[in-house]
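Asks: Before I ask anything, here is the structure I am working with.
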Amino acid sequence: MFSSSYKGSLSLQVKMRVKSRADMTSEWGEKSTADLMSRYVSKEMGQGVPKEGWRICLAHEFKEKRKPFQAKDVSLSNVMDHIGLGVRYLKWWYKKTQVEKKAPFIDMFRALPLRQIYGAPLGGIGGGTITRGWRGEFCRWQLNPGMYHYKTVMANQFTVCLRRGGQTVYQQVLSVERPPTLQGWNWGYCGEYAFYHALYPRAWTVYQLPGQNVTLTCRQISPVIPHDYQDSSLPAAVFVWDIENKNDYALDVSIMFTMVNGSGHKDDKSGGHWNEPFHLEKDGEAVSGVLLHHCTAANPYTLCIAAREQADREVSHQTAFSPRGTCSGLWSDLITDGRLDSPTGSSPPTQKGEKVAAALAVSCSVPAHKLNSLEFCLAWDMPRITFGSREREHVRRYARYFGDKGNASPSLSHYALTHYKQWEKSIEEWQRPILRNSSLPPWYKSALFNELYFVADGGTVWTELSEDADVSGGVRSADGGLPAQPALIKEYGRFAYLEGQEYRMYNTYDVHFYASFALIMLWPKLALSVQYDIAGTVVQQDPTERLHLMNGRYSPVKTKNVVPHDIGDPDDEPWQRLNAYLIHDTADWKDLNLKFVLQVYRDFHLTQDSQYLQDMWPICQAVMESELKFDQDGDGLIENSGYADQTYDGWTVTGPSAYCGGMWLASLCVMCKMARLVDSEEAYQHYKDLLERGSAAFDKLLWNGKYYNYDSSGRALSNSVMSDQCAGHWFLRASGLEEEAYRAFPKEKIRRALKSVFDLNVMSFSEGHMGAVNGMRPEGVPDRSSVQSDEVWIGVVYGLAATMIHEGMLEEGMRTAEGCYRTVWERLGMAFQTPEAYCERSIYRSLAYMRPLSVWAMQLALDRSQRDNTVLASTGDNARLKPDVLPTAETQNSGSQQN
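Numbering of the sequence shown is given in the UniProt record's numbering, commencing with residue 1 and proceeding in unit increments.
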């Protein structure tokens, strides 16, 4: 039963410590936020910048500099346990990188160093992304699908020119950098006079021009719009520059946008690239700019910088200039009269070793004490793509609307510049109910929207289903498979995103389990498309034997009737070759099949798509039958196999466990519910019998009076407190399964377990300021038995917070999640690259990770709470959740869809 050491750990002293920590939440949070703007010396707040979001002065420097997890960070005991893995991985890594000349799916020797520079990415979903840093640099590129390139291209800049009475009085690159190149330009803007503000998918940068009485507000807009399946796919972004003239005289103002033909990659100098000006008039609106044709052998593309032509604006350009040397010619061209020469004709193709860039300037007059604005667009067109194997060609989603010939850049930029106001209207209508809800804390609003960056910037691809594709590999519905081309995928396309920018596997399913809340709530058709793809792979098999690095054994790539770990590596051929992950043989993982079943019912509950349920039912039966083999003693409860056989792939678990056992029981609950929906009484009785026996075994073997033990092995650390022990219950609540017939866990035990997790994993860890540590000993110290038990997983924490909110523990849930947000976004400088994990000190692991999208599970829980009329007594009557926190998922999904 319950250990005396745990009783001692929850002594009055510890309880008082927990209470005192909780009392300081407000002061701690306010100071953390204020630090980001402490060096801002101006009083200017810009035009139309919202209060909510992530705000930082351009002069800010993060004090804490963390390093990525490396071999030296592994404890001696864990090193001894993983010597074989290390040797096998080294051999495999050498062959992959030195012989095959490929990038490993996880590179343990070249982890990304932390660059505390990133801002909101540009572009819609699935067409590639370009990230602009919070200081204005263009610094992270994902144009080739799933393959990232981290290079700041210094010549990609905005420059302002102020003229009075025909004379230039001020010209400045709007960058705090002082690079050794381009010395003919005026660099070194003082960052203390500017700040950046992100509320994805928009961001603002406010610049006060010292001594000029002029304030610029640059607003960037990307078309990431919930329930929109057309414009959300577009590879484009718009920059709107609002110019405030506070002088007693008028000014002529020019903004110049410079762009290199390329991404800073070595192929920028491969030769054959060329630029050309363009002009497009359509529907009474004219757009002009420069096309930068990047002519590589694989995945060629065109960049486009463009502006609207209007009667009171002057658009000028420089088709080509060399971004080497001082580049003083371009600078002088602008400073002379505030415009560029605008030569006609194309530039010659570059020679090998050369780079070429282009410039676009837009000018307007701004009267004294008035406001004016200028608009730019950046678009890119790579409609046909190949992955690393070059075996198949895929067509991106946006080509359905703009063609797949590679000549769409003018039309894309024209469309973006004439439709961005509608994009903003849709974005504001979506975000407004949440932003205006005064009962929700500011940090949460920032986390909710800004973490969505990964939907677009997760190496994301959104492609058409090719005519010869067969989703289930020839296994038809009559044989337990699917149609070759399910109607939903034909209509809405195929969607894939990476486990992480460093963990390069598409649709990693054990992680998608957490992240999927963002998709099912905001783009439900894409969530269902992923499910159809996964369901199709379940019935397939690949008997090819390969070495798995953890145990050194050979086993098949893919076993029939089990859910795959992932659908492939973008450096290979996703959808064709599954399971890029080869550390473990995941056919024996205990969580993948269960996560599929739980998602199927949750998605049905939120969409009410009966065809989807009918199509998924036989697949669910197949994976549950496959899962049943893990119940080796016949007590109705599955057992883990004595190694790390679930998403915590470095944390050994033996016998019945809280995490996998809890998801097994939850899966039995939803199978009972689905059996009733498809009118299968026999199946219902089968799963109900398993549920009753399994629940009794689960309670007997794992409940200790305060929480569910990590596992039932009886090892010294089997009674550790796992933060994720209620994952199965979380999904039942998210799926609306609260009635007694479909309840696997006694409510009072869930609440007691969550209270234990809050007291120990949250408040007894790092002063309660860093979220929940994965594993905590009952005596109040982290479980250091593995490389993952003493980590904080941000996506798991958001899911834990959602579970607490479902159970009426709003204050505890918010405090738990707040620690992660403030650690990542305000203390460690990891904005727009939220990692999988960090430890209490020194290190992090896997930047820009999928799992933190689970923050949207918190919003679903908040919505559920207010719909259930839950009185949040801890926050008072005025803080009850308002009825417009979030339109219910059912309401959203039944609304009109843009096709």
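Ideal placement from N, C-alpha and C gives every residue a C-beta, glycine not left out. Every value quoted in this text rests on a predicted model; they were computed, and no experiment measured them.
(1) Pairing CB atoms from the segment 149–165 with CB atoms from the segment 238–254, are three or more of them under 8 Å?
(2) Which whole-angstrom value describes the C-beta separation of A361 and M259, a residue pair presumed to lie in contact below a C-beta threshold of 8 Å?
(3) How about L482 and S472: do their beta carbons lie closer than 8 Å?
(4) Taking three-plus beta-carbon pairs below 8 Å as touching, is the segment 606–623 in contact with the segment 741–757?
(5) Answer yes or no: do A368 and Y207 have a C-beta to C-beta separation smaller than 8 Å?
(6) Round the Cβ separation of M663 and G728 to the nearest angstrom and send it over; I've been treating them as touching at under 8 Å.
(7) State the Cα-Cα distance for the pair L872 and I805, rounded to the nearest angstrom.
(8) Tell me the rounded alpha-carbon separation between residue 903 and S641.
(9) Output the residue ranges of the beta strand (DSSP E) runs that lie fully inside the segment 309–372 and measure 3 residues or longer, sorted by chain position.
(10) Roughly how many angstroms lie between the CA atoms of E807 and S439, to the nearest whole one?
(11) Around the C-beta of E451, are 16 or more other C-beta atoms found within 10 angstroms, so that it is buried, or is it exposed?
(12) Please name the residue in G188, C672, G775 whose C-alpha comes closest to that of residue 909.
(13) Mark G353 as exposed unless 16 or more other C-beta atoms lie within 10 angstroms of its C-beta, in which case mark it buried.
(14) Considering Cα atoms alone, identify which of V461, V562, L76, A469 is closest to R396.
(15) Among the residues of its own chain, which have a CB less than 8 Å from the CB of E192, if the five just before and after it don't count?
(16) Between V49 and N275, what straight-line distance do the alpha-carbon atoms span, to the nearest angstrom?
(17) Exposed or buried, K15, counting other C-beta atoms within 10 Å across all chains shown (16 or more means buried)?
(18) What's the gap between the Cα of R577 and the Cα of L547?
(19) Give the range of the beta strand (DSSP E) segment to which L209 is assigned.
(20) Using DSSP bridges, identify the partner residues of G694.
(21) To the nearest angstrom, report how far apart Y420 and T217 are at their CA atoms.
(22) Between the segment 770–787 and the segment 71–84, can you find at least three pairs of beta-carbon atoms closer than 8 Å?
(23) Any chance you could list the alpha helix (DSSP H) runs of at least 4 consecutive residues sitting entirely within the segment 380–435, in chain order?
(24) Spatial neighbours of R308 within its chain, please: C-beta separation below 6 Å, excluding the five flanking residues on both sides.
(25) Are three or more beta carbon pairs between the segment 380–399 and the segment 561–573 nearer than 8 Å?
(26) Please list the segments of the alpha helix (DSSP H) lying wholly inside the segment 494–540, counting only runs of 4 or more residues, in order along the chain.
(27) Return helix, strand or coil for D689, following the three-state DSSP convention.
(28) Does the Cβ-Cβ distance between R777 and E64 come in under 8 Å?
(29) Once you ignore the five residues that flank G388 on each side, which residues in its own chain have a CB closer than 6 Å to its CB?
(30) Taking only runs of the alpha helix (DSSP H) that begin and end inside the segment 603–652, which ones reach a length of at least 4 residues, in chain order?
(31) Tell me the rounded alpha-carbon separation between A697 and E639.
(32) So, using beta-carbon positions, are Y838 and E791 closer together than 8 Å?
(33) CA-CA distance, T205 and M674?
(34) Is it the case that the segment 508–524 contacts the segment 223–230, given that we only count it when at least three CB pairs across the two stretches are under 8 Å?
(35) Give every residue of the same chain whose Cβ lies closer than 6 Å to the Cβ of K102, excluding the five residues on either side of it in the sequence, and list them in chain order.
(36) Kindly indicate which residue of L143, K370, H317, Q310 has the alpha-carbon position closest to the one of T296.
Replies: For this structure:
(1) yes
(2) A361 to M259, Cβ: 12 Å. No contact.
(3) yes
(4) no
(5) no
(6) 4 Å
(7) Its pLDDT being 42, under 50, L872 is placed unreliably by the model, and nothing is read from it.
(8) Coverage of the chain is limited to positions 1 through 899, which leaves residue 903 absent and any answer about it impossible.
(9) 314–321, 357–366
(10) 18 Å
(11) buried
(12) There is simply no residue 909 to check, as the chain begins at 1 and stops at 899 in what is shown.
(13) exposed
(14) V461
(15) R39, Y40, V41, S42, C57, L58, A59
(16) 35 Å
(17) Residue confidence for K15 is low, a pLDDT of 45 falling below 50, so the modelled location carries little weight; the figure read from the coordinates is stated next. It counts as exposed.
(18) 16 Å
(19) 202–209
(20) Paired residues: none, contrary to the question.
(21) 17 Å
(22) yes
(23) 399–402, 409–435
(24) V287, E375, L417
(25) yes
(26) 509–522, 524–538
(27) helix
(28) no
(29) D571, D572
(30) 610–627
(31) 11 Å
(32) yes
(33) 50 Å
(34) yes
(35) K96, D571
(36) L143
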